[in-house]
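Here's the structure, in structure tokens; my notes come after.
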Amino acid sequence: MPEPESERVGRFTFYSREESEARGLIPSDEELARADELLAAFEEKRRNAPPEPAQPPSLGLGERWGVDSLIGTEFEGWTRDANGQWYDKDGHPTSHDRDAHPGN
2 MPEPESERVG
12 RFTFYSREES
22 EARGLIPSDE
32 ELARADELLA
42 AFEEKRRNAP
52 PEPAQPPSLG
62 LGERWGVDSL
72 IGTEFEGWTR
82 DANGQWYDKD
92 GHPTSHDRDA
102 HPGN
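Following this line, the structure appears as structure tokens:
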């Protein structure tokens, strides 16, 4: 009995080209052409899709935190401008003390 040409590495089995063809693991030219057609149709849909909606306002604290994260805290209503300055719920600039604003 001939030695199998496959090789087991971890949970993956790697077959030689001949073994792959014998097991039917190599797609036919028709299957490859069909896959190319499906991919081209998907890419066309993606190109013609409208842009994604704008993201909700951010606190500048990373993706994990948003404006809604401040609701129910003493910082509810606070906002942050593009320069990083925090404003309280009445629109007054707040202290630059790190302990005085959320997320810092």
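Going by this note's numbering, the sequence shown opens with residue 2, and the numbers climb by one from there. The C-beta atom is built at its ideal place from N, Cα and C for all residues, glycine as well. Computed from a predicted structure; not experimentally measured.
Along the alpha helix (DSSP H) that carries residue i, what are the first and last residues, could you check?
| i | result |
| --- | --- |
| Arg-47 | 30-49 |
| Glu-20 | 18-24 |
Measure the alpha-carbon distance for residue i versus residue j and round it to whole angstroms.
| i | j | result |
| --- | --- | --- |
| Glu-44 | Glu-77 | 43 angstroms |
| Tyr-16 | Asn-49 | 40 angstroms |
| Asp-82 | Thr-74 | 20 angstroms |
| Leu-33 | Ser-21 | 16 angstroms |
| Lys-90 | Arg-47 | 41 angstroms |
| Gly-11 | Pro-52 | 43 angstroms |
| Ile-72 | Thr-95 | 18 angstroms |
| Asn-84 | Glu-31 | 57 angstroms |
| Pro-28 | Ala-36 | 10 angstroms |
| Leu-40 | Arg-18 | 25 angstroms |
| Thr-80 | His-93 | 10 angstroms |
| Glu-38 | Glu-6 | 34 angstroms |
| His-102 | Ala-42 | Only weak support exists for where His-102 lies, its pLDDT of 49 falling under 50; the value from the coordinates is given anyway. Taking the straight line from one Cα to the other gives about 49 angstroms. |
Where do the ends of the beta strand (DSSP E) carrying residue i lie?
| i | result |
| --- | --- |
| Glu-8 | 8-10 |
| Thr-14 | 13-15 |
Relative to the C-alpha of residue i, which residue among the options is closest?
| i | options | result |
| --- | --- | --- |
| Leu-26 | Ala-42, Asp-37, Thr-14 | Thr-14 |
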